[in-house]
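Last residue of the sequence shown: number 743 in my numbering, and the count goes up by one each step with no gaps. Virtual Cβ for every residue (Gly too), placed ideally from N, Cα, C. What follows is a set of notes on a single structure, which appears directly below.
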Amino acid sequence: MERRTIAARIHGRYLIRTPHVDGPWPLLVGFHGYRENAALHLNVLESIPGHENWLLVAVQGLHRFYAKSSDVVASWMTSEDRELAIADNIEYVRNTVDAVRAEFPTRETLVFAGFSQGTAMAFRAAAHVRADALIVLGADVPPDVATRTSVRLPSVLYGRGRHDDLYTAECHERDVATLERLGVTVESMTFDGGHEWTPEFSSAAGRILAALSAPL
């Protein structure tokens, strides 16, 4: 048996929530976790204090499937053809940001956010598209970002639930150390919770947005 791969065109999906104030707006782009979708993650972004003044974009993974409830959910990638999937996802994110900027009045200010499996996507996005901050929770720094980036990573708010069995304290400490070795400013946050985006973490994320959204 011989294996081949071939490029195929596929359509992605992203959800937008526009502010009720006049633009241009700073841009917050988020990535959901495994077995979630863009609608769920948009709700997460809307839980962040001060989000009302930001253009929110929740990007959905390209690999969709049905959950037991028959809801359509997605994942970002598997181990199969991993390097090709990484390249596809980076192009997808870059095209999404470009499309949003072409359609809506936006500032240069850009923040990427990610939860669980979406954390790797947020890191990869910031490693290839210039951003002002990263807000990530509950997963590792992907090895491709730890070894190589096209642009300098911005400052990072890096969260972990104290009772998270999927992302251990040891992993979190290792990832923070990796980022610091790369010269990245990291705010490490441990909160009371599990593998979840909590109101406490949203409050911390709100501080990041507030610091970046001063009037022009």
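- Since I believe alanine 585 is in contact with leucine 554 (beta carbons under 8 Å), could you give me their beta-carbon distance rounded to a whole number of angstroms? The pair is not a contact, with the Cβ atoms about 12 Å apart (cut-off 8 Å).
- Is it buried or exposed for histidine 559, if we count other Cβ within 10 angstroms and need 16 for buried? Buried, because 16 or more other Cβ atoms sit within 10 Å of the Cβ of histidine 559.
- Item | DSSP state of histidine 655 mapped onto helix, strand, coil | helix
- Query: For arginine 530, which of Val703, Ala731, Glu607, Gly721 has the nearest alpha-carbon?
  - Reply: Glu607
- Classify glutamate 573 as helix, strand or coil using the three-state DSSP reduction. coil
- Task: Please report the Cβ distance between phenylalanine 650 and leucine 664, rounded to the nearest whole angstrom; I am assuming they are in contact, meaning their Cβ atoms lie under 8 Å.
- Result: Wrong, their Cβ atoms sit about 12 Å apart, outside the cutoff.
- With hydrogens ignored, establish whether the beta-carbon of isoleucine 575 is closer than 8 Å to any heavy atom of the ligand PLP. What this structure holds is no ligand at all, so the ligand PLP is not there to describe.
- Task: Inspect the beta-carbon positions of valine 627 and glutamate 579 and report whether they are closer than 9 Å.
- Result: Not a contact, by the Cβ cut-off of 9 Å.
- Query: Which one or two residues does DSSP pair with glycine 557 in a beta bridge?
  - Reply: Ala585, Ala640
- For the beta strand (DSSP E) holding alanine 601, just list the boundary residues, first then last. According to the DSSP assignment, alanine 601 belongs to the beta strand (DSSP E) that extends over 599 to 602.
- Item | C-beta contact flag for valine 672 and leucine 680 at 9 Å | yes
- Can you grab the Cα-Cα spacing for the pair threonine 545 / methionine 528, in whole Å? Their Cα atoms are separated by approximately 51 Å.
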